[in-house]
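Numbering (numbering that gives the first Met the number 0), first residue to last: 0 to 304.
Quick reminder that beta carbons are idealized off the backbone N, C-alpha and C, glycines included.
Please read these numbers as outputs of a predicted model, since none were measured by experiment.
This report concerns only the one structure given below.
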Amino acid sequence: MNKLALISSITFALTATFAGATSALAASATLDKIKSTGAVTMGVRESSIPMSYTTGDSRFDGYHVEVCRMILNDIKSKLGMSTLRINYQPVTSQNRVPLVQNGTVDIECGTTTNNAGRAKDVSFANTLYVEEVRIAVKANSGINSISQLAGKKVATTTGTTSVQLLRKHEKANNVNFDEVYGKDHADSFLLLESGRADAFVMDGSILAGNIASAKNPKDYKIVGEVLSTEPIAIMVRKDDPEFLADVNSAIAKIVANGSMPGLWNKWFLAPIPPKNAVVGLELSPATKNAWANLNSKPAEDYNKK
């Protein structure tokens, strides 16, 4: 073999080795972890009724939790696994993104808004729920609009963007109110329930879920203008496109086999555990459209004027 041929041969061998190493690095770290450990960690919320919440005794359920179980069952089959253990990791509005970033949580199935800011740190699956941010008040409060919040105390959950959305609303000009914060959604609703807040600003489903679970649901109402329309999506680690593709593939199957209307009826229109409360939230045109046209558009796209 002459010198040129030898150099070419060595170059080819090195190129092939590098390509193989690159291919190995490009493989899904999440899927590899699931396959090697036989387990997956699902991020869940404790009081985001009916999307993701605890039913007691460290058990979790809800619309997004059930969707994620279906997704993981599909991934289990793709990986040729006979069983897959799901470990449930409660997350908060403050720590949900960091826990996905650092690998503690493999798939977050709560009430996280897909927006451009978060998309810099994590990836979002295709949307199966489109939310409207609203205001909950006591039914006898006399409050029916943003303008009537002047001088009031407004509760929201630490780590969320709801109060900022309220302040940015065009009808909030010259409306000054005090902010009070709950550590989670149940705590924020308790601020309203106990009279320490006059209003609670949050996703409509969370407001409806907490009202449905209250001692006297008729004592509360959801009022005012829609502050924002937001896609609520399942969150996974960034830079793992293979895992994201498998999640979206499973979502497409769930939609194609006609499961979504039944899931909606189960979690939003029928009695749900643990109190057999009915949230009573009808399917919105925006959510129905998201099912028909699967996409991962951020909130900014929904609120363009």
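Where do the N-terminal and C-terminal ends of the beta strand (DSSP E) with residue i fall, by residue?
i       : result
Asn-143 : Premise fails: Asn-143 is in no beta strand (DSSP E) and is neither H nor E.
Ile-48  : No beta strand (DSSP E) contains Ile-48, which DSSP labels as neither H nor E.
Ile-231 : 219–231
Thr-155 : 152–156
Glu-130 : 128–137
Hey, how far is the Cα of residue i from the Cα of residue j?
i       : j       : result
Leu-189 : Leu-280 : 21 Å
Gln-163 : Gly-261 : 34 Å
Val-225 : Ser-204 : 13 Å
Ala-28  : Lys-237 : 11 Å
Met-80  : Lys-34  : 8 Å
Trp-266 : Lys-151 : 33 Å
Ser-227 : Ala-138 : 23 Å
Asn-86  : Asp-105 : 10 Å
His-184 : Thr-82  : 33 Å
Ala-198 : Val-136 : 5 Å
Arg-58  : Val-64  : 11 Å
Met-50  : Ala-26  : 31 Å
Lys-303 : Ser-146 : 23 Å
Ala-251 : Gly-194 : 44 Å
Asn-215 : Leu-78  : 47 Å
Val-278 : Ala-289 : 21 Å
Gly-42  : Lys-32  : 16 Å
Thr-157 : Ala-291 : 33 Å
Asn-275 : Ser-76  : 33 Å
Tyr-219 : Leu-293 : 34 Å
Asp-202 : Tyr-180 : 15 Å
Leu-165 : Asp-245 : 36 Å
Leu-268 : Val-153 : 28 Å
Do the CB positions of residue i and residue j come within less than 9 Å of each other?
i       : j       : result
Met-234 : Val-129 : no
Cys-108 : Gly-141 : no
Ser-187 : Thr-155 : yes
Ile-70  : Leu-30  : no
Lys-167 : Ser-144 : no
Ile-253 : Val-200 : no
Pro-89  : Thr-111 : no
Glu-131 : Ala-285 : yes
Pro-297 : Pro-230 : yes
Tell me which same chain residues have a C-beta within less than 7 Å of the C-beta of residue i, skipping the five on either side of it?
i       : result
Ser-295 : Asn-113, Phe-123, Ala-124, Asn-125, Thr-126, Ala-232
Ala-340 : There is simply no residue 340 to check, as the chain begins at 0 and stops at 304 in what is shown.
Asp-120 : Val-96, Gln-100, Lys-237
Glu-317 : This structure cannot speak to residue 317, because the chain is shown only from 0 to 304.
Ala-118 : Pro-297
Start and end of the alpha helix (DSSP H) containing residue i?
i       : result
Phe-242 : 240–255
Gln-100 : 95–100
Val-66  : 62–77
Arg-166 : 161–167
Asn-209 : 203–211
Asn-298 : Residue identity differs from the one stated: residue 298 is Ala in this sequence, not Asn. Counting along the chain, the alpha helix (DSSP H) containing Ala-298 begins and ends at 298–301.
Met-80  : Note, Met-80: premise wrong, no alpha helix (DSSP H); not H, not E.
Ser-258 : Where Ser-258 is concerned, there is no enclosing alpha helix (DSSP H), given that its DSSP letter is neither H nor E.
If I measure Cβ to Cβ from residue i and keep anything under 8 Å in the same chain, skipping five residues before and after, which residues do I get?
i       : result
Glu-299 : Asn-114, Ala-115
Arg-84  : Gly-37, Ala-38, Val-39
Asn-256 : none
Val-66  : Cys-108, Leu-127, Ile-233, Ile-250, Ile-253, Leu-262
Verify the CB distance criterion: does residue i have a CB-CB separation below 9 Å to chain D?
i       : result
Asn-139 : Of the chains in the structure shown, none is chain D; there is only one protein chain.
Which same chain residues end up closer than 6 Å to residue i when comparing Cβ atoms and leaving out the 5 residues on each side of it in sequence?
i       : result
Ile-221 : Arg-133, Ala-135, Leu-206
Asn-247 : Ala-124, Asn-125
Ile-271 : Pro-49
Leu-3   : Residue placement at Leu-3 cannot be trusted, given a pLDDT of 46 that sits under 50; what the coordinates show is reported in the next sentence. Excluding sequence neighbours, Leu-3 sits near nothing in its chain.
Can you determine whether any heavy atom of the ligand ATP sits closer than 8 Å to the C-beta of residue i, and answer yes or no?
i       : result
Thr-159 : Ligands displayed in this structure: none; no statement on the ligand ATP is therefore possible.
Is it a yes or a no for the region 205–218 touching the region 34–49, going by three-plus beta-carbon pairs under 8 Å? The region 205–218, when compared against the region 34–49, does touch it at the 8 Å Cβ threshold.
Fill in: Touching by the beta-carbon criterion (3+ pairs, under 8 Å), the region 241–251 and the region 170–185
Counting Cβ pairs under 8 Å, fewer than three are found: no touch.
How do the region 89–103 and the region 260–276 stand: do at least 3 beta-carbon pairs fall below 8 Å, yes or no? With a cut-off of 8 Å, the region 260–276 and the region 89–103 do not count as touching, because too few Cβ pairs lie within range.
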